Ligand SMILES: NC(=O)c1ccc[n+]([C@@H]2O[C@H](COP(=O)([O-])OP(=O)(O)OC[C@H]3O[C@@H](n4cnc5c(N)ncnc54)[C@H](O)[C@@H]3O)[C@@H](O)[C@H]2O)c1
């Protein structure tokens with residue numbers, strides 16, 4: 010039997026990038042996947058792709074940064090698949106025009122990033138945990154970021170949202186442990202997705218050069234692929250991870266292992 014046969018799984022921002030790869034991976038393992046995304050074309054495409062391989066998925070076209078978007082996604086999962094077993098809070102934005110300091114960041118941009126990247130986690134818990142309690146447990150996994158652990162210039166709202174994601178994860182793992190609901194985070198390093206490509210291009214970088222230098226910045230010498238994150242998410246959602254809650258896992262090619270003094274890393278240990 011496939012690992013997630015019959016499980017009802019929600020993936021927010023589940024049409025493209027990390028979310029897209031994870032939606033596909035859950036469907037291959039037998040899950041019934043509810044995909045929340047604001048891109049209508051990408052949402053329809055991924056459901057068609059999953060169905061063409063014999064999988065089961067539905068698309069909810071909504072904004073994850075709104076209460077209604079989150080509640081309608083949970084309702085869709087419950088109505089179509091009888092409940093909610095696993096939530097992958099993957100949605101996140103880092104618009105190229107948000108790369109400024111806090112003084113120059115418009116309040117509307119702050120609110121947008123915090124609502125999509127952080128408040129959506131609260132809404133998804135608020136609406137899905139009662140269904141998990143009804144069946145005796147569940148798993149909530151969020152895409153936080155290495156930027157929740159360390160920082161860089163010009164990312165105040167994004168960094169705050171990712172630090173908040175890690176903190177909320179730890180907090181909710183305590184509140185929901187007695188319900189047998191596990192809560193964990195994945196911290197991706199740089200992963201080759203539309204978000205990263207848009208950020209490079211939107212901030213005036215040369216895509217090819219920046220992808221190469223980003224790869225070189227990671228000790229393993231490559232940029233991550235969405236499947237690298239999907240593999241970890243499926244592990245964390247599975248019974249193999251049944252004693253794991255309240256923790257985060259870096260999937261970052263060794264980035265967080267490197268000290269700030271290490272400006273270059275050679276495979277022979279030279280720097
Ligand atoms: N790619 C990376 O290098 C990287 C690194 C660290 C953390 N992350 C985190 O991983 C998650 C996924 O990142 P990604 O690179 O795959 O992003 P992406 O932009 O490539 O894909 C995000 C998906 O979410 C959807 N989406 C965006 N805003 C939405 C909204 N308000 N409502 C509904 N859908 C929305 C998009 O349409 C898209 O399908 C994010 O939380 C991001 O912060 C990514």
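Numbering (this note's numbering), first residue to last: 10 to 280. From the three backbone atoms N, C-alpha and C, an ideal C-beta is built for every residue, glycine too. For clarity, every value in this text was computed on a predicted model and none was experimentally measured.
To the nearest angstrom, how far is the alpha carbon of residue i from that of residue j?
| i | j | result |
| --- | --- | --- |
| residue 269 | residue 157 | 16 angstroms |
| residue 202 | residue 235 | 7 angstroms |
| residue 183 | residue 260 | 24 angstroms |
| residue 254 | residue 141 | 15 angstroms |
| residue 192 | residue 177 | 9 angstroms |
| residue 16 | residue 66 | 11 angstroms |
| residue 154 | residue 169 | 11 angstroms |
| residue 241 | residue 249 | 11 angstroms |
| residue 196 | residue 97 | 13 angstroms |
| residue 133 | residue 139 | 11 angstroms |
Tell me, to the nearest whole angstrom, how far the beta carbon of residue i is from that of residue j; I am working on the premise that it is less than 8 angstroms.
| i | j | result |
| --- | --- | --- |
| residue 22 | residue 100 | 3 angstroms |
| residue 48 | residue 73 | Wrong, their Cβ atoms sit about 11 angstroms apart, outside the cutoff. |
| residue 126 | residue 102 | 7 angstroms |
| residue 1 | residue 174 | No answer is possible for residue 1: the residues shown for the chain start at 10 and end at 280. |
Using only alpha-carbon positions, find the residue among the options that is nearest to residue i.
| i | options | result |
| --- | --- | --- |
| residue 76 | 46, 215, 129 | 129 |
| residue 2 | 26, 40, 29 | Nothing about residue 2 can be read from this structure; the chain reaches only from 10 to 280. |
| residue 84 | 44, 11, 197 | 44 |
| residue 62 | 166, 36, 250 | 36 |
| residue 27 | 238, 248, 267 | 238 |
| residue 266 | 247, 229, 246 | 229 |
| residue 244 | 31, 10, 179 | 31 |
| residue 187 | 205, 146, 110, 111 | 146 |
| residue 9 | 20, 108, 107 | Given that the chain is displayed from residue 10 to residue 280, the structure contains no residue 9 and the question cannot be resolved. |
| residue 233 | 60, 211, 98, 205 | 205 |
| residue 165 | 112, 198, 212 | 112 |
| residue 200 | 262, 10, 56, 190 | 262 |
| residue 162 | 180, 107, 56, 144 | 107 |
Ligand 2 heavy atoms versus the CB of residue i: any closer than 7 angstroms?
| i | result |
| --- | --- |
| residue 204 | In the structure on display, ligand 2 does not appear, and the ligands it does have are ligand 1. |
TODO: Output the residue ranges of the alpha helix (DSSP H) runs that lie fully inside the segment 99 to 177 and measure 4 residues or longer, sorted by chain position.
DONE: Along the length of the segment 99 to 177, whole alpha helix (DSSP H) runs at least 4 residues long occupy 116 to 123, 129 to 143, reported in chain order.
Task: Stretch pair the segment 215 to 230 + the segment 108 to 123: three plus CB contacts closer than 8 angstroms - done: At 8 angstroms Cβ cutoff, the stretches do not touch.
- [ ] Write down every uninterrupted run of the beta strand (DSSP E) in the segment 178 to 228 whose length is 3 residues or greater and which is fully enclosed by it, in chain order.
- [x] When DSSP assignments are scanned along the segment 178 to 228, the uninterrupted stretches of beta strand (DSSP E) that are 3 or more residues long and fall wholly within it turn out to be 190 to 197.
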